[in-house]
Amino acid sequence: MNWIQHTDASEKMSPEKYDELVRIRNSLLDSTKELESAGAKLALLGETESDNRLRAYVNSMVVFREDVVTARNLKVEELDSYHEQLASKHDAFFAELSSAYKKY
């Protein structure tokens, strides 16, 4: 997303940047399985609030399609807002997880 924020609107995405974007998207999608496993473990431990916050965090992750990014159909303000929301859910999850760890 830094590419949108830090390049001129007329600049096209290089093939290397595009490949990196695809790699990052695939990595994020692959990590979903690991996050589901982590959520299941939290649920088994009875940590339903941590599991709920993890699900909220994961569900808020948006994978922007490559064509949307390369066409610059996203505004910097939208990206900033998305980043703030994601950071807030991330922080809430880890605060709850920290509380859960203190119990053990």
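Residue 119 in this note's numbering is what sits at position 68 of the sequence shown, and the numbering runs on without skipping anything. Even for Gly, the Cβ is constructed at its ideal location relative to N, Cα and C.
What is the DSSP secondary structure of residue i, reduced to helix, strand or coil?
i: E71; result: helix
i: R123; result: coil
i: D59; result: coil
i: V113; result: coil
i: Y133; result: helix
i: L169; result: Since the first residue shown for the chain is 52 and the last is 155, residue 169 is missing from the structure and cannot be characterised.
Looking only at its chain, what residues have a beta carbon closer than 7 Å to the beta carbon of residue i, apart from the 5 residues adjacent to it on each side?
i: N18; result: For residue 18 there is no data in the structure shown, the boundaries of the chain being 52 and 155.
i: E147; result: E100, S101, R104
i: A151; result: E98, S101
Nearest CA to the CA of residue i: which residue from the options?
i: K154; options: L80, G97, L79; result: G97
i: K63; options: R123, V73, S132; result: R123
i: M149; options: I75, L93, V113, E128; result: In the sequence as displayed, the identity of residue 149 is Ser instead of Met. Of the listed residues, the one whose Cα sits closest to S149 is L93.
Got a sec: is the Cβ-Cβ distance from residue i to anything in chain C below 8 Å?
i: E135; result: Reference to chain C is not applicable here, since this structure consists of a single protein chain.
Please return the same chain residues whose Cβ sits closer than 8 Å to the Cβ of residue i, not counting the five positions on each side in sequence.
i: Y133; result: V113
**Study point:** Validate contact between the region 101-110 and the region 81-89 using beta carbons, cut 8 Å, 3 pairs
**Key:** yes
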